[in-house]
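A quick write-up on the structure given underneath.
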Amino acid sequence: MTQFFIGLYDYFERHKILFYLSLISCVLLMGFFALQVRFEENITQFFPDTKDSQNTIKVFDNLKIKDKIIIMLSSADTCHRVEPDSLIEAAGQLQQTLTEKAGGKLIKGILAQVDQSLIQGATDFVYEHLPLFLTDTDYQRFDSLLTDKGIQAVMQKNYTNLLSPAGIALRSYILRDPLGLGSETLKHLQDFQLEANYEIYDEHIFSKDGSTLLMFITPVFSTGSTGKNDELIKILEEELKHVQGESPTIRAEYFGGPSVGVYNARQIKKDTILTSSLALLIIIVFISLVFKRKRSIPLIITPVLFGGLFALFLIFFIKGSISAIAVGAGSAVMGIALSYSIHMLAHQNHVSTVQQLIKEIAYPLTVGSFTTIGAFLGLIFTSSDLLRDFGLFASLALVGTTLFCLIYLPHFLKGQADVKQGRILRIIEKINAYSYEKNKWLVGGILLITVICLFTSQKVGFNNDMMSLNYEPRHLQQSEEKLLQLFDNDEKTVLFVSVGKDMNQATEIYATTNQKLSALKEQGLIKEYASASQFLISPQEQQKRLKKWKDYWTDEKQQQVREQLETVAAEYRFRPGSFEPFYQWMNQPFGEYHYTAQEDDLSGKLLNEWQTSADSITMLISQIRISEPNKEAVYQNFNKDPNVVIFDRSYFANKWVSAINDDFYLILYISSFLIFFALWFSYGRIELTLMSFLPMLISWVIILGLMGILGIEFNIINIILSTFIFGIGDDFSIFIMDGLQNKYRTGQKVLNSHKTAIFFSAFTTVVGMGALVFAKHPALQSISLISILGMIAVVLVAYTIQPLIFRFFIAGPASKGLPPYTLIGLIRTVLLFLLFFIGCIVLRILIILLYPVPVRKSSKQRLVCHLIQITCKGILLLATAVKKEHINKANERFRHPAIIIANHQSFIDILVLLSLSSKILMVTNHWV
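Taking UniProt numbering, the leading residue of the sequence shown gets 1, the next gets one more, and so forth.
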């Protein structure tokens, strides 16, 4: 691989025109297709995209009720309440200006007052389709109602109502349905609302205490479309300020999902610009002072820009679109990408030619980038679209950066081994040249911290409150608190959304859902619930009910009721033919009704808040009011039903956290295994692999332990960060290992240059992440501290533990003329020592057991010596990997007294001597 890049460099050096032509062509081609990539700002891409969560994502994306914005008009002075009429006047002006400026393009509708025509429309809708809404209970009521006594009682009540002050209003209803066949069904319209927390004044909606007028805005775009809703929020805030300016006694506030989404997007954008600019300024100034060449900064940044362009170019062909949030988060890999170009620039100070630069840097850079890319590719296996997009973008960006560094960047560099370095660079290299692994206090401190962190790492939890990562400005917090004061009590309102691929399937699921909710209410687990289940009937059930109506109202039955009704009506002086509309209505052919979500349709207006249809999915809503202690018991009844989505923030967040938590461990395992096996394949020796991988593992333990000590919890952002630190950590380990190997194999001291490049890489990363401490968004702030701690841990472990392990296994034995220790050799040694230890314990126990045996002492001694010989001989026989040769030139049988003088050089001498004969007794100094 190294020879390939050197050959490519030599070829392009001889053909400069072709080199620049290929570079410009690549940039133009990638730029053209990169501009075609669609950037998505849908916040639901955060959510786990599993089979069970498909409906949840669709519900969250399309449920209209979550996108509403509530406007509250109240008194600016809480001690002096504004007259309701003044609030109504202000609301009318506000509705008019909002409609003029944003109606249609940004605002779908504004609910500022109750539509009285809807009440009459609801009555007409019920009677036009009454057979569809009748149950067995209603027919039982009919049986008792349609007796002579029942009709007599109803008509007497009708007569009394007509003579009352309400008679004028009730007249049309009595003539339409004198027997009250639809009265119970009309009562079910009350099921459309929970216990009222509001009151109606002059057709306008006020809070229950009458202090606050409420308006409801339905935006055109969903909460996730922050870019499109930004203009709406600007217009809304301007108009609310105008209302307060025109009427100083009125306080105008608002709150809603779209406003929170917009302010989060705004703050992330502001923080990103601020922190990126600050970090870039510090990095540019520092790099300029160190390298002093004016073109150093462009040479460091250009590969990163090329990598980003390369990533977008391939993403266009892979999927065509990507999350804008993922691309923004992808800037976190800038530290890794910059480290590749910094490695090239820093290393040129230690070589005489560019070919030598490529030869010494290509291998570690390629292996390091491959393992880091693999770590980010692990995100593709998660259940979140956003994490998958981030993993894809980051890994492709690193591929592009690596290729640029090895193919194009060398042509802008030159060997500078003979060039005098700047003072700052000399100081940095002096710091990096220090043998940190020989500092016993530092090594001891790291080992002590590692042991402590092994225990404290168990305390690290996952942040269940996803709202803590949200940014809310003070005025939105105050508005939310006011809403909670006005409408919330000990019980919380929760939505249960029944999901089907069409209205037919959805209504069947809806019926089952409401049956369960009704049963839970009877058990006392739910205080109350509201739904449109009485009016959203499946086609199969509609057919059954239509048949029952026809079977019940036979011609004979209708005639009999007509005669009975006319007879009683005459007694109460109703004119003949007064109830003719009722007879015609009862005799008309009723048919199946097909529901529609169109607001110009009667059912659409009536059921608009209870049904939503989009993207081959139909959602029907039930509302419940429930206390916190009962939530778990209620939710358990729906946990395993993928067709019912519980729209509760805390419950939804917990399910999301659980999935993300699983993803975290999946990422960790995939990244670990991929890096481990990539290193093994690259090095070809398990020992070198473990030497490179162990420091990463130790640094990860330290990071987790410090998080546990500082009380820092994992969240969706930390998952990205963990991949980032793990990725850059393996780069550092690989470059340190390459430097150590070069010194061992060839005597070349490239380790210091690698450490210098690592220093710059760590510096740019710490500055880039550390600048986030100035961010106001909680999600960005949560990255800062842990990233700084993580980088310090990774660098210290790479500088100390890895060289220490290398010296113990390889450099140390080699300095004594011995071969390096191997893993198999160490395992054999440990096993043989273990066998020796077990043998000693067993023999010690036998000696104790033999002590009370009534046999001569000399006999016991001979037995023990014989057992010692057998044990030592057995251990030597088990050392199968050691070549053994028995030389006995004197043909010694150990039959005569003699003294054997052994030149003791190793522990093995003892075993060999004692294995020769049971008659040998060993005499040694105390130190042996």
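The beta-carbon is built from N, C-alpha and C at its ideal position, and this holds for glycine as well.
On a CA-only basis, which of the options is nearest residue i? Give me that one, please.
i, options, result
"Ser753", "Glu472, Ile361, Gln113", "Ile361"
"Gly790", "Ile824, Ile709, Ile725, Leu804", "Ile725"
"residue 987", "Leu409, His347, Phe316, Thr456", "Summary: the structure shown does not reach residue 987, with the chain confined to residues 1 through 928, and so no result is reported for it."
"residue 940", "His411, Cys840, Leu447", "Residue 940 lies beyond the range of the chain shown here (1 to 928); nothing can be said about it."
"Phe677", "Ser296, Ile322, Arg295, Phe370", "Phe370"
"Phe894", "His475, Leu878, Ala879, Leu921", "Leu921"
"Lys459", "Val220, His594, Phe291, Gly705", "Gly705"
"residue 931", "Ser172, Ile71, Ile698, Gly150", "The first residue shown for the chain is 1 and the last is 928, placing residue 931 beyond what the model contains."
"Phe735", "Thr372, Ala122, Ile703", "Thr372"
"Ile824", "Lys550, Ala879, Gly167, Asn514", "Ala879"
"Leu911", "Ile107, Asp10, Leu835", "Leu835"
"Asp124", "Leu186, Ile168, Arg171, Ile107", "Leu186"
"Gly182", "Arg141, Arg828, Gln267, Ile65", "Arg141"
"Lys521", "Leu413, Gln623, Gln356", "Gln623"
"Tyr9", "Gln356, Pro258, Ala326", "Gln356"
Who are the Cβ neighbours of residue i in its own chain at under 7 angstroms, not counting the five residues just before and after it?
i, result
"Arg81", "Ser75, Ser211"
"Val561", "Leu146"
"Ile283", "Thr764, Val767"
"Lys873", "Ser915"
"Asp209", "none"
"Asn158", "Ile174, Pro178"
"Ser538", "Asn504, Thr507, Glu508, Ala511"
"Gln564", "Asp148, Ile151"
Once the 5 residues before and after residue i are set aside, which same chain residues still bring their CB inside 6 angstroms of it?
i, result
"Lys527", "Glu491, Arg625"
"Cys865", "Ser918"
"Glu203", "Gln113, Val114"
"Phe306", "Gly400, Phe404"
"Ile110", "Gln95, Ile217"
"Leu387", "Leu379"
"Leu87", "Leu73, Leu213"
"residue 931", "A query on residue 931 cannot be resolved here, the shown segment of the chain reaching from 1 to 928 and no further."
Within the continuous alpha helix (DSSP H) that includes residue i, where are the two ends?
i, result
"Thr218", "No alpha helix (DSSP H) holds Thr218; the beta strand (DSSP E) holding it covers 213–219."
"Phe836", "823–850"
"Ser247", "Looking at the DSSP string, Ser247 is not in any alpha helix (DSSP H), and its letter there is neither H nor E."
"Tyr263", "257–291"
"Phe404", "385–407"
"Ala569", "555–571"
"Ser518", "503–522"
"His908", "The sequence given here has Ile at residue 908, not His. Element bounds for Ile908: 908–916."
"Tyr9", "2–14"
"Lys550", "539–552"
"Leu130", "130–133"
"Ala898", "Premise fails: Ala898 is in no alpha helix (DSSP H) and is neither H nor E."
Could you spell out where the beta strand (DSSP E) holding residue i opens and where it closes?
i, result
"His204", "204–207"
"Leu620", "617–627"
"Lys101", "That residue, Lys101, is in no beta strand (DSSP E); its alpha helix (DSSP H) goes 84–102."
"Glu528", "528–531"
"Ala890", "It is not in any beta strand (DSSP E) - Ala890 carries neither H nor E in the DSSP assignment."
"Ser164", "Here Ser164 belongs to no beta strand (DSSP E), and DSSP marks it neither H nor E."
"Arg38", "38–40"
Using 8 angstroms as the cut-off, classify the Cβ of residue i as near or not near the heavy atoms of the ligand PLP, replying yes or no.
i, result
"Gln534", "Looking at this structure, you won't find the ligand PLP or any other ligand, since it has none at all."
Could you name the residues of the same chain whose beta carbon sits closer than 8 angstroms to that of residue i, not counting the 5 residues immediately before and after it, in chain order?
i, result
"Asn639", "none"
"Ile297", "Ile284, Ile287, Ser288"
"Arg176", "Tyr127, Pro581, Phe582, Trp585"
"Lys548", "Pro131, Leu134, Tyr139"
"Thr2", "Ile358, Lys359, Ala362, Tyr363"
Can a CB atom of chain B be found closer than 9 angstroms to the CB of residue i?
i, result
"Ala279", "Checking the listed chains, one finds no chain B in this structure; it contains a single protein chain."
Which runs of the alpha helix (DSSP H) spanning at least 4 residues fall entirely within the stretch 324–364, listed in chain order?
-> The stretch 324–364 contains these whole alpha helix (DSSP H) runs: 324–329, 334–347.
How do the stretch 266–277 and the stretch 305–314 stand: do at least 3 beta-carbon pairs fall below 8 angstroms, yes or no?
-> Contact between the stretch 266–277 and the stretch 305–314 is absent: fewer than three C-beta pairs spanning the two stretches fall below 8 angstroms.
With a cut-off of 8 angstroms, do at least 3 Cβ pairs link the stretch 634–649 to the stretch 512–529?
-> Touching, per the Cβ criterion.
Would the stretch 677–692 and the stretch 430–447 be scored as touching if the rule is three or more Cβ pairs under 8 angstroms?
-> No, because fewer than three Cβ pairs between the stretch 677–692 and the stretch 430–447 fall closer than 8 angstroms, the two stretches do not touch.
Minimum length 3: unbroken beta strand (DSSP E) runs contained in the stretch 427–470 = List check, beta strand (DSSP E) in window: nothing returned.
Do three or more CB pairs link the stretch 249–264 to the stretch 732–743 at distances below 8 angstroms?
-> In short, these stretches do not touch, since the Cβ pair count stays below three.
Indicate whether the contact test is met: 3 or more Cβ pairs, each with one atom in the stretch 839–857 and one in the stretch 802–810, closer than 8 angstroms.
-> Between the stretch 839–857 and the stretch 802–810 there are fewer than three C-beta pairs closer than 8 angstroms, too few to call the two in contact.
Are there three or more Cβ pairs, one per stretch, closer than 8 angstroms when the stretch 784–799 is compared with the stretch 689–699?
-> The stretch 784–799, when compared against the stretch 689–699, does touch it at the 8 angstroms Cβ threshold.
Within the stretch 741–821, note down every full alpha helix (DSSP H) run reaching 4 residues or more, in order along the chain.
-> The stretch 741–821 contains these whole alpha helix (DSSP H) runs: 751–770, 778–806, 812–815.
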